[in-house]
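Notes follow the structure.
There are 4 protein chains.
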Amino acid sequence: MSIIARAGLAARGNRGSIGALTCEERDVARIGFLGLGIMGRAMAANLLKAGFEVVVWNRSAAKCAPLVALGAKQAASPREVAAACDFTLAMLADPAAARETVFGAEGVLAGLAERRGYIDMSTVDDATARAIAAAITARGARFLEAPVSGTRKPAEDGTLVILAAGDRSLYDEAAEAFEVLGKKRVFLGEVGQGARMKLVVNMVMGQMMVALSEGLALGLKSDLAGEAILDVLEAGAMACPMFRGKGPMLLADDATTSFPLKHMQKDMRLALALSESVGQPLQGAAAANEVFKRATLAGHGEADIAAVYRVVR
Amino acid sequence: MSIIARAGLAARGNRGSIGALTCEERDVARIGFLGLGIMGRAMAANLLKAGFEVVVWNRSAAKCAPLVALGAKQAASPREVAAACDFTLAMLADPAAARETVFGAEGVLAGLAERRGYIDMSTVDDATARAIAAAITARGARFLEAPVSGTRKPAEDGTLVILAAGDRSLYDEAAEAFEVLGKKRVFLGEVGQGARMKLVVNMVMGQMMVALSEGLALGLKSDLAGEAILDVLEAGAMACPMFRGKGPMLLADDATTSFPLKHMQKDMRLALALSESVGQPLQGAAAANEVFKRATLAGHGEADIAAVYRVVR
Amino acid sequence: MSIIARAGLAARGNRGSIGALTCEERDVARIGFLGLGIMGRAMAANLLKAGFEVVVWNRSAAKCAPLVALGAKQAASPREVAAACDFTLAMLADPAAARETVFGAEGVLAGLAERRGYIDMSTVDDATARAIAAAITARGARFLEAPVSGTRKPAEDGTLVILAAGDRSLYDEAAEAFEVLGKKRVFLGEVGQGARMKLVVNMVMGQMMVALSEGLALGLKSDLAGEAILDVLEAGAMACPMFRGKGPMLLADDATTSFPLKHMQKDMRLALALSESVGQPLQGAAAANEVFKRATLAGHGEADIAAVYRVVR
Amino acid sequence: MSIIARAGLAARGNRGSIGALTCEERDVARIGFLGLGIMGRAMAANLLKAGFEVVVWNRSAAKCAPLVALGAKQAASPREVAAACDFTLAMLADPAAARETVFGAEGVLAGLAERRGYIDMSTVDDATARAIAAAITARGARFLEAPVSGTRKPAEDGTLVILAAGDRSLYDEAAEAFEVLGKKRVFLGEVGQGARMKLVVNMVMGQMMVALSEGLALGLKSDLAGEAILDVLEAGAMACPMFRGKGPMLLADDATTSFPLKHMQKDMRLALALSESVGQPLQGAAAANEVFKRATLAGHGEADIAAVYRVVR
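Chains A, B, C and D supply the protein sequences, listed in that same order.
My numbering runs 9 ahead of the 1-based position in the first sequence.
My numbering runs 9 ahead of the 1-based position in the second sequence.
My numbering runs 9 ahead of the 1-based position in the third sequence.
My numbering runs 9 ahead of the 1-based position in the fourth sequence.
Structure representation (structure tokens):
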């Protein structure tokens with residue numbers, strides 16, 4: 010067991026006495042954070058800056074250093090993090106990583122005591138979310154899925170939108186942490202509803218990205234100035250942060266990745282799969298999805314969703 | 010000739026001396042206004058409230074009364090208005106009305122003196138705009154097309170977006186009036202570019218209306234609460250006045266007409282026609298247009314664009 | 010007046026006596042043919058081979074030679090042809106050519122006697138067809154529009170499908186000539202219905218071309234052999250001359266022009282315009298049209314419709 | 010063990026000596042047939058009429074009677090059939106039935122001797138096909154997937170198209186039986202390729218069904234006669250058995266089920282899923298799929314694919 014982890018467990022040993030503190034000496038939750046990619050790193054840093062005690066872990070341990078520098082404790086495994094914290098947040102790359110982090114030999118399940126909480130903020134498929142939820146609740150612990158709407162910038166600014174579903178008491182318990190991470194949070198019911206909300210929202214976003222691309226392409230071919238088009242959009246009922254952000258990127262042929270196009274295409278595909286299962290035709294989304302597929306085929310999958318413009322114009 | 014018009018011409022006779030007034034006694038332009046429908050009425054009223062001298066005309070004269078009550082002068086024909094004013098604005102129902110108002114026996118052409126200005130803020134097709142422009146410039150007068158983005162509410166609030174093209178000096182001369190009518194104005198070059206910009210913007214709007222409808226329909230069928238979906242959209246990058254306004258209407262099945270669906274469908278059709286002539290494929294817009302066509306076929310043409318939701322859900 | 014044409018008029022002078030021939034010496038109609046492009050040349054040749062007397066004209070007179078070699082008489086203008094023949098067929102490149110051929114100084118109208126017939130087999134727009142029809146009937150002559158379904162090969166083989174509308178008596182009178190030109194003819198009512206039928210049929214064809222392209226592209230990417238896919242299609246309910254003809258072209262990347270892609274795109278556009286005016290949503294056709302637009306934008310407009318595959322795969 | 014099955018095993022015992030028969034006394038294969046629904050019943054009957062020895066089984070045994078009347082032997086379980094026959098064909102309702110028939114306690118696996126063959130002609134998903142293939146080959150027996158293109162009528166007429174993949178020697182061995190069942194068979198390589206070919210073909214069919222529906226709807230709204238439209242299609246390059254069969258059904262609003270619409274929608278969905286995995290955009294298929302989804306939502310899922318017309322017109 011790593012030194013850090015032992016420190017963590019020692020701290021844990023003290024936890025019992027924390028309950029004896031008076032109300033004035035408000036208890037600060039100890040929060041675990043698993044996964045320090047672009048998103049997770051920014052989120053964990055925000056928690057630290059807000060005064061939370063944070064225990065971090067990342068597959069490649071080197072990524073923990075900047076957070077330790079900010080005051081985080083580092084643990085050697087998801088198991089150690091889960092064992093040491095009141096509740097643990099995770100922001101992992103994909104369903105495979107989400108499963109391994111929970112079910113692995115040194116995974117969350119092995120460390121999570123009864124009543125503790127595990128909050129997966131990664132975007133995973135239904136089956137993965139349910140498998141994790143089932144295992145954790147079977148153990149007597151609590152699970153919350155909490156995928157987010159928003160990418161790097163909102164993660165850094167603490168303005169994510171948190172789409173939570175699962176254990177309500179855990180949602181309430183994490184309220185102060187969520188307050189730091191996001192500007193908005195909603196509780197949506199049973200596990201799976203958070204993921205569904207994210208698909209709905211991203212499907213709308215995908216169509217808007219295609220609409221903006223087509224609007225600019227049509228306007229430019231009609232000899233309108235691109236800046237004028239963006240100005241007019243900004244002045245009207247369609248003015249939105251997305252057009253403000255992506256519009257100039259399209260005009261500059263800048264596709265610096267904030268939200269990878271292939272992930273958007275995946276979300277469109279999943280939204281269409283959801284639409285099949287609930288029986289909802291989606292004519293607009295189906296057309297937009299094919300445009301994203303064309304962009305992926307053309308090699309823009311790793312670029313930002315802004316790159317969809319390259320196959321539209 | 011009507012009494013009012015004679016008064017107008019008398020005033021005109023005095024105009025020459027206005028230039029001699031001191032700076033403190035700032036000259037107020039005399040503005041003609043043709044067409045007092047939902048939009049025109051609100052716009053003319055705003056000009057009056059801002060202190061402009063306004064001479065109004067409407068096909069059915071009864072609609073002039075409320076504006077006369079606000080201080081407008083009433084004229085008997087477009088010809089009289091054009092003859093009496095520095096420049097004349099028009100907000101007419103359709104291309105036929107726009108042509109009749111200019112080319113009719115008592116039309117604008119018959120009254121417009123050299124160098125005077127005529128500004129058509131109606132939404133008309135290219136051919137109509139060009140025919141009017143040619144006739145007016147052939148006469149030595151000046152023409153500006155200035156269709157607007159925005160419907161009843163922005164017209165009332167003076168927050169329209171004005172998409173002007175044609176005579177630049179007239180655009181500059183009308184600056185103060187445009188300031189009152191809109192929050193944003195752009196000058197886009199040759200006659201036709203204003204109309205093209207409007208098509209581009211409305212095509213984006215049409216796709217967003219379909220995207221919102223599909224998002225809500227998919228979410229509701231997936232057991233998400235409609236209000237939660239709107240909340241999440243409002244908190245994210247897609248937050249826009251349009252979703253804020255139309256979203257609750259969709260949930261309430263309210264299609265009180267602000268922008269008639271059939272007009273949106275017409276604009277989508279014209280945008281697609283434009284795309285044919287400039288060689289720009291529009292996969293998303295084409296799909297959305299068919300959804301609007303279906304809504305029209307289903308009898309929702311006179312309802313608000315929000316009614317597109319009725320054929321999506 | 011050309012020698013040929015004088016010969017033609019002389020022949021005309023003899024016509025009166027032809028009625029006195031016995032039944033055994035059956036009267037052969039004298040047919041005019043205007044426009045000797047790829048289609049017209051093959052059609053006129055078939056009429057000659059079938060024993061008809063044919064008087065030809067073409068804008069560039071050189072194209073008449075091969076037909077004169079087959080026994081045709083050559084005239085100097087559409088006027089001369091119309092004056093010399095029982096009825097006159099035309100197969101012209103576009104609406105402009107169709108109008109010029111009728112309304113020009115030496116045009117059909119100038120030569121067409123009362124009760125004579127003019128049959129336009131070109132594909133033109135509604136307005137052109139109606140303008141020509143009105144002028145010809147105003148003169149007391151008879152008009153039939155008769156666009157065809159089928160391209161070079163069916164024109165050569167005499168297996169066109171003739172979509173006639175207008176004057177019924179002229180349709181009946183031309184029955185023997187139509188018998189030679191096509192394997193199928195239908196009379197569809199008022200002028201305009203022939204053109205509409207052609208749009209309907211070509212719209213179905215356009216969608217099938219996209220369907221075939223997508224089927225082959227999906228199959229090949231899934232490691233199926235292209236020939237096997239065509240074999241299986243040929244063996245099933247979708248077996249059709251079009252797949253038999255175009256399928257191997259797609260696999261060989263052969264787009265030798267039989268039906269120019271830009272003409273198909275134009276027909277798709279016109280079918281969609283028709284759908285707007287009659288209120289019929291066309292989700293599939295709208296999507297297919299955008300694919301053809303993309304192919305045109307990619308520079309395949311002059312190639313065969315088979316080239317749509319190049320932007321699908 | 011049932012009497013029939015014992016007879017089967019006895020026959021099996023004699024099989025070894027069959028190799029010693031002279032060429033004149035050609036051996037007739039004993040074929041098992043599992044699943045006697047609309048398709049299977051017709052196929053098994055055709056095999057019997059062609060002189061094959063057939064051993065049948067069906068979940069509800071009553072359906073075996075008509076085939077026994079034609080000379081079939083009846084077995085009590087898939088296990089007995091597989092044990093008694095040279096090779097066994099199956100035509101089952103869905104993946105669940107296909108799995109149960111193989112893996113159940115009295116399933117095919119329990120009866121299949123080494124080198125014997127199992128040919129699944131049902132339409133199942135990739136995972137099911139692969140699971141069955143793996144289990145059967147692990148046992149030393151041979152597997153062929155052989156889904157068919159064609160529905161009730163071709164099954165009755167012996168004109169199915171057989172899309173085979175898997176064990177080549179089994180494909181060759183079943184050649185005479187396939188000759189009876191279909192007019193066309195292809196061998197496509199590894200297990201999974203048969204199913205993929207079927208998706209490709211049905212995706213083309215789905216688009217053609219939408220194209221036909223839109224063509225008829227547009228034509229009828231344009232005052233063309235439905236019969237005339239079908240006549241013209243039949244005379245041209247798009248003439249195909251499908252239009253010949255479904256066209257009159259559309260005009261008569263007849264949707265008597267031959268191929269259930271919901272199955273077509275499922276195949277379109279699976280084709281689109283395949284397109285995602287191989288990276289092939291399918292703009293036309295995506296639009297058509299949404300039309301089928303709309304038809305399913307409107308309650309036409311159990312009706313024939315012809316019912317798609319009900320949501321198009």
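Glycine included, every Cβ here is placed at the ideal spot set by N, Cα and C.
The model shown is predicted, which means the values in this text are computed figures rather than measured ones.
- The CB of Gln-83 (chain A) never comes closer than 8 Å to any CB in chain D; the least such distance is about 39 Å.
- Across the stretch 184-195 of chain A, CB contacts with chain B closer than 7 Å involve Lys-192, Lys-193 and Val-195, in sequence order along the chain.
- Identification of chain B residues near Lys-72 (chain A) by a Cβ-Cβ cut-off of 9 Å yields none; the smallest Cβ-Cβ distance measures about 27 Å.
- For the stretch 274-303 of chain C, the set of residues with a beta-carbon nearer than 8 Å to any beta-carbon of chain D comprises Ala-280, Leu-283, Ser-284, Val-287, Gly-288, Gln-289, Pro-290, Leu-291, Gln-292, Gly-293, Ala-294, Ala-295, Ala-296, Ala-297, Glu-299 and Val-300, in chain order.
- Scanning chain A for C-beta atoms nearer than 8 Å to the C-beta of Thr-305 (chain D) yields Gly-288, reported in chain order.
- Met-100 (chain C) and Gln-289 (chain D) have their C-alpha atoms roughly 41 Å apart.
- If you check each beta-carbon in the stretch 232-243 of chain B against every beta-carbon of chain A, the ones closer than 9 Å belong to Asp-232, Leu-233, Ala-234, Ala-237, Ile-238, Asp-240, Val-241, Leu-242 and Glu-243.
- For Glu-154 (chain D), DSSP records a beta bridge to D:Asp-129 and D:Ala-174.
- Within chain A, the C-beta atoms nearer than 7 Å to that of Ser-158 (chain B) come from Val-241 and Gly-245, in chain order.
- DSSP places Gln-83 (chain D) in the strand class (E or B) of the three-state scheme.
- Ranking A:Ala-294, A:Ala-140, A:Asp-263 and A:Lys-193 by CA distance to the CA of Pro-163 (chain A) puts A:Lys-193 first.
- Distances from the alpha-carbon of Ile-128 (chain A) to those of A:Val-90, A:Gly-113 and A:Thr-160 put A:Val-90 closest.
- A distance below 8 Å between beta-carbons, with the five flanking residues on each side excluded, links Cys-73 (chain C) to the following residues of its chain, in chain order: Leu-45, Val-65, Trp-66, Asn-67, Ala-81 and Gln-83.
- Residues are counted here when their Cβ sits less than 8 Å from a Cβ of chain B; for the stretch 169-182 of chain A these are Val-170 and Leu-172, given in chain order.
- Taking Asp-134 (chain D) as the centre and dropping the five residues before and after it, the same chain places the C-beta of Pro-104, Ala-204 and Leu-279 closer than 8 Å to its C-beta, in chain order.
- Note on Lys-255 (chain A): 16 or more other CB atoms within 10 angstroms of its CB, so buried under the neighbour-count rule.
- The Cβ of Arg-205 (chain C) sits closer than 8 Å to at least one Cβ of chain D.
- Per DSSP, the continuous alpha helix (DSSP H) segment holding Phe-112 (chain D) begins and ends at 104-112.
- Counting only residues of its own chain and dropping the five nearest sequence neighbours on each side, Ala-295 (chain C) has a CB closer than 7 Å to the CB of Leu-281.
- Less than 8 Å separates the beta-carbon of Val-321 (chain A) from that of Val-219 (chain A).
- Less than 8 Å separates the beta-carbon of Gly-191 (chain B) from that of Leu-169 (chain B).
- Pairing Ile-40 (chain A) with Asn-211 (chain A), the inter-Cα distance amounts to about 29 Å.
- Ala-264 (chain B) sits away from Ala-226 (chain B), with the two beta carbons spaced by 8 Å or more.
- As the crow flies, the alpha-carbon of Ser-178 (chain A) is around 23 Å from that of Gly-116 (chain A).
- When the Cα atoms are used, Asp-181 (chain D) and Arg-253 (chain C) turn out to be separated by approximately 28 Å.
- If you ignore the 5 residues before and after Ala-102 (chain A), its C-beta comes within less than 7 Å of the C-beta of Gly-46, all in its own chain and listed in chain order.
- Within the DSSP bridge table, the entry for Thr-97 (chain C) names C:Gly-41 and C:Tyr-127 as partners.
- Val-200 (chain B) places its beta carbon 8 Å or farther from that of Arg-124 (chain B).
- Contact annotation for Met-48 (chain D) against chain C: no contact, minimum CB-CB distance about 15 Å [criterion: below 8 Å].
- About 6 Å separates the beta carbons of Met-251 (chain C) and Met-217 (chain C), which is inside the 8 Å limit, making them a contact pair.
- The C-alpha of Leu-56 (chain A) lies about 10 Å from the C-alpha of Leu-79 (chain A).
- Note that the C-beta distance between Asp-313 (chain C) and Leu-270 (chain C) is below 8 Å.
- For the stretch 182-249 of chain D, the continuous beta strand (DSSP E) assignments of 3+ residues that do not extend past its boundaries occur at 191-196, in sequence order.
- A Cβ-Cβ contact shorter than 8 Å links Ser-231 (chain C) with Val-287 (chain D).
- Ser-69 (chain A) is classed as exposed because its beta carbon has fewer than 16 other beta carbons within 10 Å across all chains shown.
- Out of A:Phe-96, A:Ser-158 and A:Glu-188, the CA that lies nearest to the CA of Ala-248 (chain B) is found in A:Ser-158.
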